[in-house]
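Residue numbers (our numbering), protein chains in the order written: chain A, 4 to 247; chain B, 4 to 247.
The beta-carbon is built from N, C-alpha and C at its ideal position, and this holds for glycine as well.
Structure, as structure tokens:
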DNA sequence: ACGACATGAAGTGTATACAATAAGATTGTA
DNA sequence: TACAATCTTATTGTATACACTTCATGTCGT
């Protein structure tokens, strides 16, 4: 039983041995740690997440782990099967289509508001994120690029000023990362290399309509690059197959 | 220490004493029980939800109650304050505006799909719900009317075929009920009496555009009937007030 | 040799007990 | 009499222990 522990909450320098803030922060850190691993595809869809393994790794009891797994389940990143425990969600084809339809509706609908409210500091931050994403992509660091891409869309949504819709978009982006893992072609990332840059140009000019149209095409392009179809049944109908 | 217990899971006929399905169903029943109480305003915003009180009432241990409270927190129906426990969420004015903006975007955007996919059985069901809502309203049963109204919007969203967006709409409707409790005028319910009926007529004709426009006005009317502004500060600046 | 049944292990579901903290009450002092 | 400090109590946070279910491995029978 590999006793190796993970610091998880590596945010606070160190020495945070149950002395610092009430373990609340630690919970948040562990949550991020797990959800990052999922979003970056270090944990692949279908991977089982056993409670005592996680409790050993992060150094808290199963109680806390269950709490976190439950949160992740409500965010649709993990699936809680009644007596089988937790595993990384494997989105169905229908869910994949629903998620992208939702993103079309919400993210595009938000663009005019974003164009209206964005300021120079925001633009600088977004340009920075876009640059880091491109660099990660060029360096072949797919994991980092995926996370940065999702973060880009998330920050953009937050700029709309509607926290409720922004939180929803963030969830959709996380789920999109899972969808990419299941239905994407290896070596071909979701977002085209220069799309985000172009989008920022429209926003820079305050052209919400153009930004919306561009976002729409951007999302369509991502979805089109996927092969969204139900995987072959694990218990295929042999009679059907060999009926000739 | 009122020992009175509530059956909570009164769905299964009776004798469900930990013998029936694995308490999973019971959890769902308790969840519904609490969220119904919140949506129907029997539990008002700010009401504290003590864990052992609930565990006593529903006859399960605090562990299960905490699980449910956490779910409710992620649905934004209850607020979990770090060492103060759970209480019914009191939406801020900003949250209220965000929720209605989100409903505008999503519910209206869904109408064309709904108009395309709705069939006779759906229409009958919706007419039935509309009738029951109207009856409840006429009978002065505000609680029932509020719940039915939220359910109406929820069922409508489900008919779009997009489960993700439908779930989001259901959440928004639940939160709207809380918003009504805080910012609504007593005696004036959210949805106008005959609005839902008119909406169904548009859908019956398959006129998605009209349905969308009508939904937009419908939601605007609800929002306009509210007095959405931050409540006066509980620690007002007396010097400011008496400075004349 | 293949399939069915039984037994064991592993892992989750639930409750209970203990520790920590914040609110409230009470008492002492100015 | 009013304010402040301390102590008590009520309530949440966390861990651990036990029960029950499921899955896997092995054995026996056909």
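To be precise: take each residue of the region 151-166 of chain A, compare its Cβ to all Cβ atoms of chain B, and keep it if any distance is under 7 Å. Which residues remain?
Shown in chain order are the members of the region 151-166 of chain A whose Cβ falls below 7 Å from a Cβ of chain B: 165, 166.
Residue 80(A) versus residue 115(A): straight-line alpha-carbon distance, rounded:
When rounded, the distance between both Cα atoms is 29 Å.
For the alpha helix (DSSP H) containing residue 88(A), name the first residue and the last one.
For residue 88(A), there is no enclosing alpha helix (DSSP H); the enclosing beta strand (DSSP E) covers residues 88-91.
Is the CB-CB distance between residue 71(A) and residue 33(A) below 8 Å?
For residue 71(A) and residue 33(A), yes; Cβs fall inside 8 Å.
So, does the CB of residue 27(A) fall closer than 8 Å to a CB anywhere in chain B?
Interface residue, yes.
Helix, strand or coil for residue 229(A), going by three-state DSSP, please let me know.
Reduced to three states, the DSSP call for residue 229(A) is coil.
Tell me the DSSP secondary structure of residue 52(B) in three-state form.
In the three-state scheme derived from DSSP, where H, G and I count as helix and E and B as strand, residue 52(B) is classed as strand.
Rounded C-alpha distance that separates residue 206(B) from residue 108(A):
The C-alpha of residue 206(B) lies about 20 Å from the C-alpha of residue 108(A).
From the DSSP output, read off the bridge partner residues of residue 83(B).
Bridge partners of residue 83(B): 89(B).
Short CB-CB distance (under 8 Å) between residue 85(A) and chain B
Yes - at least one Cβ of chain B is within 8 Å of the one on residue 85(A).
If you draw a straight line from the C-alpha of residue 138(A) to the C-alpha of residue 113(B), how long is it?
Residue 138(A) and residue 113(B): Cα-Cα distance of roughly 38 Å.
In angstroms with no decimal places, state the Cα-to-Cα distance between residue 141(B) and residue 148(B).
About 9 Å.
Excluding the 5 residues flanking residue 38(A) on each side, which residues of the same chain have their C-beta closer than 8 Å to its C-beta?
75, 78, 80, 177, listed in sequence order.
Candidates 184(A), 197(A), 120(A), 220(A), of which the one nearest residue 48(A) by Cα:
Of 184(A), 197(A), 120(A), 220(A), the residue nearest in Cα terms is 184(A).
By a C-beta neighbour count over all protein chains shown, 10 Å radius and 16 as the cutoff for buried, is residue 167(B) buried or exposed?
Buried: at least 16 other Cβ atoms inside 10 Å.
What are the residues of the region 92-103 of chain B that lie near chain A, defined by any Cβ-Cβ distance shorter than 9 Å?
If the cut-off is 9 Å between Cβ atoms, the region 92-103 of chain B has 97, 98, 100, 101, 102 near chain A.
With a threshold of 8 Å between beta-carbons, can residue 57(A) be considered close to chain B, or not?
Not one chain B Cβ lies under 8 Å of residue 57(A).
At the 8 Å Cβ level, is residue 32(A) part of the contact set with chain B, yes or no?
For residue 32(A), the answer is no, since every Cβ of chain B falls outside 8 Å of its Cβ.
Let me confirm a value: residue 197(B) is counted as buried when at least 16 other C-beta atoms fall within 10 Å, else exposed. Which label applies?
Burial call: exposed.
Give me the Cβ distance between residue 82(B) and residue 66(B), rounded to the nearest whole Å; I'm assuming they're in contact under 8 Å.
Going by Cβ atoms, the distance from residue 82(B) to residue 66(B) rounds to 20 Å, so no, they are not a contact pair.
For residue 221(A), is the classification buried or exposed, using 16 other Cβ atoms within 10 angstroms of its Cβ as the cut-off for buried?
It counts as buried.
Restricting to Cα atoms, I'd like to know which of 181(B), 216(B), 56(B), 229(B) is closest to residue 45(B).
With distances taken between Cα atoms, residue 45(B) lies closest to 181(B).
Given residue 68(A), which residues of its chain have a CB within under 6 Å of its CB, disregarding the five upstream and five downstream residues?
Hits under 6 Å: 54, 57, 58.
Alpha carbons only, please: which of 179(B), 228(B), 150(B), 161(B) is nearest the one belonging to residue 118(B)?
Ranking the options by Cα distance to residue 118(B), first place goes to 161(B).
By the criterion of Cβ-Cβ separation under 7 Å, what are the contact partners of residue 217(A) in chain B?
Those within 7 Å of residue 217(A) in chain B number zero; the least Cβ separation is about 19 Å.
By Cβ distance, which residues of its chain are closer than 6 Å to residue 209(A), with the 5 residues on each side in sequence left out?
Result list for residue 209(A): 118, in chain order.
Host alpha helix (DSSP H) of residue 159(A) (start-end)
Looking at the DSSP string, the run of the alpha helix (DSSP H) that includes residue 159(A) is 145-161.
Rounded to the nearest angstrom, how far is the Cβ of residue 165(B) from that of residue 170(A), given a contact under 8 Å?
In fact, because the Cβ distance is near 18 Å, the residues do not count as touching under 8 Å.
Residues of its chain near residue 233(B), where Cβ-Cβ distance is below 6 Å and the 5 sequence neighbours each way are ignored
Taken in chain order, the residues that qualify are 96.
Comparing the C-beta of residue 115(B) with each C-beta of chain A, is any distance below 8 Å?
At least 8 Å separates the CB of residue 115(B) from every CB of chain A.
Measure from the C-beta of residue 145(A) to each C-beta in chain B and report whether the shortest distance is under 8 Å.
No - not a single Cβ of chain B is within 8 Å of the one on residue 145(A).
Assign residue 230(B) to buried or exposed, taking buried as 16 or more other Cβ atoms, counted over all protein chains shown, within 10 Å of its Cβ.
With fewer than 16 other Cβ atoms within 10 Å, it is exposed.
Distance, Cα to Cα, residue 61(B) vs residue 31(B)?
Cα to Cα, residue 61(B) sits roughly 12 Å from residue 31(B).
For residue 101(A), which residues from the same chain have a beta carbon less than 6 Å from its beta carbon, with the 5 sequence-adjacent residues on both sides left out?
Annotation for residue 101(A): no residue places its beta carbon closer than 6 Å to its own, counting only its chain and skipping 5 residues before and after.
Can you tell me whether DSSP reads residue 166(A) as helix, strand or coil?
In the three-state scheme derived from DSSP, where H, G and I count as helix and E and B as strand, residue 166(A) is classed as helix.
Indicate whether at least one CB of chain A lies closer than 8 Å to the CB of residue 40(B).
No, residue 40(B) lies away from the interface with chain A (no Cβ there is under 8 Å from its Cβ).
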